[in-house]
Amino acid sequence: MAQQPLCCGKVAYSAHASSILWATPTGNYVFVNGVQSGVGTLPTGNLRIASDKVNAKYFYAADGNSFYVSKDGGLTLAISAAISNNGANSIKVHPAVVGDVWFSTSSGMYHSTDFGATFTKIASVSASYAIALGKGTGSYPNLYAFLTTTTSGSNILALSTDKGVSWTQINDAQHGFGAASANCLAASWDTVGEVFGWWQYSDHNRKDNLHYDFQPHDL
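According to this note's numbering, the stretch in the sequence shown is residues 2 to 220, in order.
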């Protein structure tokens, strides 16, 4: 295997783990059955990347106001949708539905059901950051996000059980968080309503890494 740049970046595995997309601040690479090649069709920088969880040919990436899609296992990616925003924050993909993609930005939240070819803006959201999908009680997973809704007026951690039509705030005065854009979020596929958050809290005298496990009774 060729020598790699000494950098971390982000990785996304294809649905069948036959290829890996690696985005670093200085370059983008794809590994197909262990063979490395560069991905010159993507810009370098702070990319957000993800893979389709059903169709191994599809990868997704976002940078600035552009959303990129690969149909060939990450070898090439092309701009699929130009979305008006001032920052790409997170891409999350449904684990069992092909082509079902969520995209969060600093100016809203978007949902695609056609591999990112088109997106529908979620009307209730004015800004969104980390997002997660997890087990719910309905036909569609629970959707969690650090976001600002059109009615909240500030960043909250919230749950939607109707694909973003409405939101229920999870955090309270005892469970605040720092800058929403720096936070991470994950949700359980085994337990309904279980979501995990990680963030940094800071004041004039301290800086701590905190996490909170929001159990079902908190919802």
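Note that beta-carbon positions come from the ideal geometry of N, C-alpha and C, so glycine has one too.
CA-to-CA distance, residue j to residue i, given in whole angstroms
{"i": "N143", "j": "G137", "result": "5 Å"}
{"i": "S182", "j": "N156", "result": "10 Å"}
{"i": "T152", "j": "L134", "result": "22 Å"}
{"i": "A89", "j": "S107", "result": "7 Å"}
{"i": "G46", "j": "K164", "result": "30 Å"}
{"i": "H17", "j": "A57", "result": "6 Å"}
{"i": "V40", "j": "D173", "result": "43 Å"}
{"i": "Y111", "j": "A63", "result": "12 Å"}
{"i": "A82", "j": "Y69", "result": "7 Å"}
{"i": "D73", "j": "A128", "result": "32 Å"}
{"i": "G65", "j": "W190", "result": "31 Å"}
{"i": "P44", "j": "G154", "result": "34 Å"}
{"i": "A38", "j": "A24", "result": "It is Ser, not Ala, that sits at residue 38 in the sequence shown. Rounded to whole angstroms, S38 to A24 spans 12 Å at the Cα level."}
Close-in-space but distant-in-sequence residues of the same chain around residue i (CB under 7 Å, 5 per side omitted)
{"i": "S91", "result": "R49, S105, Y130, A131 and I132"}
{"i": "D219", "result": "With a pLDDT of only 45 at D219, under 50, the local geometry of the prediction cannot be trusted, and the value read off the model is given with reservation. So the qualifying residues of the chain are I171."}
{"i": "S161", "result": "L144, S167 and W168"}
{"i": "T114", "result": "G100 and D101"}
C-beta contact flag for residue i and residue j at 7 Å
{"i": "V102", "j": "G117", "result": "yes"}
{"i": "T77", "j": "T121", "result": "no"}
{"i": "L148", "j": "V126", "result": "yes"}
{"i": "G75", "j": "V31", "result": "yes"}
Other residues of its chain near residue i: CB distance less than 8 Å, five sequence neighbours each side excluded
{"i": "P217", "result": "In this prediction, P217 scores a pLDDT of 43, lower than 50, which makes its location untrustworthy; the coordinate-derived value is nonetheless stated afterwards. Same-chain partners within the cutoff: T192, V193, G194 and E195."}
{"i": "V185", "result": "Correcting the residue type first, residue 185 is Cys in the shown sequence and not Val. Excluding residues within five positions, the ones whose Cβ falls inside 8 Å are A131, G198, W199 and W200."}
Contact belief for residue i with residue j at Cβ below 8 Å, rounded distance in angstroms
{"i": "K54", "j": "P96", "result": "5 Å"}
{"i": "Y59", "j": "S67", "result": "No, Y59 and S67 are not in contact; Cβ-Cβ is about 17 Å, not under 8 Å."}
{"i": "G109", "j": "I123", "result": "7 Å"}
{"i": "N34", "j": "S19", "result": "6 Å"}
Neighbourhood of residue i by C-beta, 6 Å cutoff - its chain only, sequence neighbours within 5 removed
{"i": "A51", "result": "A13, Y61, I92 and V94"}
Inset, instruction - Could you name each continuous beta strand (DSSP E) segment of 3 residues or more that falls completely within the stretch 50-74, going from the start of the chain to the end? - result: 60-64 and 67-71
Inset, instruction - Kindly provide the ranges of any beta strand (DSSP E) runs that are 3 or more residues long and lie completely inside the stretch 15-50, ordered along the chain. - result: 20-25, 28-33 and 36-39
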